[in-house]
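Numbering-wise, the working numbering puts 925 at position 219 of the sequence shown, and it's gapless, one number per residue.
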Amino acid sequence: MTLFLKRLRSRTRKLLGIGKRPKRHRDLKARFTHVYRGKTWKSSESASGPGSTRDSGSVRQALIALAQVVSVYDIQSVADLPCGDLNWMPTFLKQNPKIDYIGYDIVDALIAANRRAFPGYAFRVLDITREIPARADLIFSKDLVNHLLERDVWSAVANMVRSGADYVMITSNSDPVPNIELPENVAGSSRPLNLQISPYDFPTPLYDDGYLVMWRSQDLAFVLDRAA
Ligand SMILES: C[S@@+](CC[C@H](N)C(=O)[O-])C[C@H]1O[C@@H](n2cnc3c(N)ncnc32)[C@H](O)[C@@H]1O
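Right, here's the structure in full:
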């Protein structure tokens, strides 16, 4: 093959992404910063991906779930963990102006952008697999654990429980498929995760719409023995 043909083939492969290896990351901060900066989740509306757009089914479900549990369980404070780019949460906060809100995310640049865009709300950088957030009545965790390796799922839920929150609401897909491990710590990777089946086997929840599921955090105390 001539040099010209070799170059042409290599350029074409590059353009088509053929043979391109997904980028592996040593740690979660690097991985999710890469996702944020590279707009890996490909949504023109939200850096947090298509599941965070205002007209998506998951946002509609989240707004219904939050409205229901804050009134039934008299929830006054919410830790949104992870908050992402806050594309839809202001809808809930405007309807519930008395809620004491704080948004946490692992990506520094995302938290800095949120502070600039929403000066009325509190935000903090935090890696839930390593740190314990401040106590809130409810920890609301939409679309996090599906992106984490199993060992990080245990650590994240353990830190939610350690925070002393009364309730934790976490995305848990009731798909009738067994849980699988994430292939590896690769940029935007995800898979459905059902916390009510093996290896998690979480107990009967207080609220469950097949996507967002809420437990009293004291009912999840057993995760403390499973987390690294
Ligand atoms: C798909 S987005 C969901 C954001 C938001 N919950 C929503 O529904 O719009 C997932 C977010 O999780 C954040 N994240 C990933 N690992 C985290 C960790 N260990 N601690 C805190 N945030 C994390 C990412 O930076 C990203 O913003």
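Glycine included, every Cβ here is placed at the ideal spot set by N, Cα and C.
Nearest to residue i by CA position, among the options, is which residue?
i	options	result
Phe928	Leu918, Tyr906 and Met920	Tyr906
Pro889	Ser923, Gly916 and Leu854	Leu854
Arg836	Asp849, Phe829 and Arg857	Arg857
Tyr873	Arg760, Pro911 and Asn820	Pro911
Ala753	Asn865, Pro898, Trp794 and Gln774	Trp794
Gln774	Gln801, Ser762 and Gly755	Gln801
Pro882	Ala862, Phe738 and Ser904	Ser904
Asp814	Pro756, Pro898 and Leu734	Leu734
Gly763	Asp849, Ile886 and Thr746	Asp849
Ala840	Thr797, Val859, Asn865 and Leu816	Asn865
Phe798	Gln767, Trp921 and Ile817	Gln767
Pro796	Ala818, Val765 and Leu816	Val765
Asn885	Gly757, Pro898 and Asp833	Pro898
Pro756	Leu901, Trp921, Gly894 and Ala933	Gly894
Met920	Ala934, Gln902 and Glu887	Gln902
Confirm, please, whether the CB-CB distance from residue j to residue i is below 8 angstroms.
i	j	result
Asp843	Tyr810	no
Pro909	Asp931	no
Val867	Ser923	yes
Leu772	Phe846	yes
Ile805	Ser777	no
Asp869	Ile838	Inspection of the sequence shows that residue 869 is occupied by Ser rather than by Asp. In this structure, Ile838 lies closer than 8 angstroms to Ser869 by Cβ.
Arg743	Asn891	no
Ser749	Thr759	yes
Ile808	Asp833	no
What are the partner residues of residue i, as DSSP defines its beta bridges?
i	result
Asp914	Val919
Ile808	Ala785 and Ala828
Does the distance between the C-beta of residue i and the nearest non-hydrogen atom of ligand 2 fall short of 7 angstroms?
i	result
Ile834	Of the ligands one can find in the structure shown, namely ligand 1, none is ligand 2.
Secondary structure, alpha helix (DSSP H): runs of 4+ residues fully inside the segment 814 to 879
Within the segment 814 to 879, the complete alpha helix (DSSP H) runs of at least 4 residues are 814 to 823 and 856 to 868.
Under 8 angstroms, with one C-beta from each stretch per pair, do the segment 780 to 799 and the segment 817 to 827 reach the 3-pair mark?
Judged by Cβ distances under 8 angstroms, the segment 780 to 799 makes contact with the segment 817 to 827, as three or more pairs qualify.
With contact counted as at least three CB pairs below 8 angstroms, one residue from each stretch, are the segment 868 to 887 and the segment 913 to 931 in contact?
The answer is yes - the segment 913 to 931 touches the segment 868 to 887, with three or more Cβ pairs under 8 angstroms.
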